[in-house]
Amino acid sequence: MRKQFLLILLAIGLHLQFTSAQNSQFPNAIEAKLNFIDYGLLNSDDLRLSQGFEVGYFRNVAPFLNVGIPVKLVLAKLPGTTDNTVTTSADLVFQFGNMRHDVKVSPYVFGGAGYFLEDFGNGHLQFPFGA
Numbered sequence: 527m528r529k530q531f532l533l534i535l536l537a538i539g540l541h542l543q544f545t546s547a548q549n550s551q552f553p554n555a556i557e558a559k560l561n562f563i564d565y566g567l568l569n570s571d572d573l574r575l576s577q578g579f580e581v582g583y584f585r586n587v588a589p590f591l592n593v594g595i596p597v598k599l600v601l602a603k604l605p606g607t608t609d610n611t612v613t614t615s616a617d618l619v620f621q622f623g624n625m626r627h628d629v630k631v632s633p634y635v636f637g638g639a640g641y642f643l644e645d646f647g648n649g650h651l652q653f654p655f656g657a
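Quick note on numbering: the sequence shown equals residues 527 to 657 in my numbering.
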């Protein structure tokens, strides 16, 4: 009974919450997300799912452009290793898309550059991109 009450309370709270992404009226945004990353299939290995999280700051700088700095921390299962490896990265990302405040869905493409560290050392430059 208590779980149902908390679930109903959570649903009401989420329904009443006004949400908005960054745009010219709300230019600043902080993001936090849980990531599931597979380093195995990209290296012709088995599926080895890793977990991590990402925290970032994004700012709307033009009607169709957001700039952000996400930082990731992952407990990775890298190919050729049996133990978990801590990986970190920090990126400078540009998001291009429809950032108006009156739309329901805002698809975007992104690209940027960042630095990736394995066990807080052994780093290299990376170029994230996607849609």
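Note that the Cβ used here is the ideal one computed from N, Cα and C, for glycine as well.
In terms of CA proximity to D609, S576 leads the group S576, F653, L618.
Between the region 621 to 632 and the region 643 to 651 there are fewer than three inter-stretch CB-CB distances shorter than 8 Å, so the stretches are not counted as touching. When the beta-carbon positions are compared, L599 and T611 stay at least 8 Å from each other. In terms of Cβ geometry, G578 and I563 form a close pair [threshold 8 Å]. Spatial neighbours of K603 in its own chain (CB-CB distance under 8 Å, excluding positions within 5 residues in sequence) are listed in chain order as Y565, G566, R574, L575, S576, N610, T611.
Under the three-state reduction of DSSP output, L567 falls in the helix class. Less than 8 Å separates the beta-carbon of E580 from that of P596. Rounded to whole angstroms, the separation of the alpha carbons of L651 and A555 is 25 Å.
For V635 against A657, the beta-carbon gap comes to about 5 Å, under 8 Å, which counts as contact.
Out of T607, P633, L560, P553, the CA that lies nearest to the CA of G594 is found in P553.
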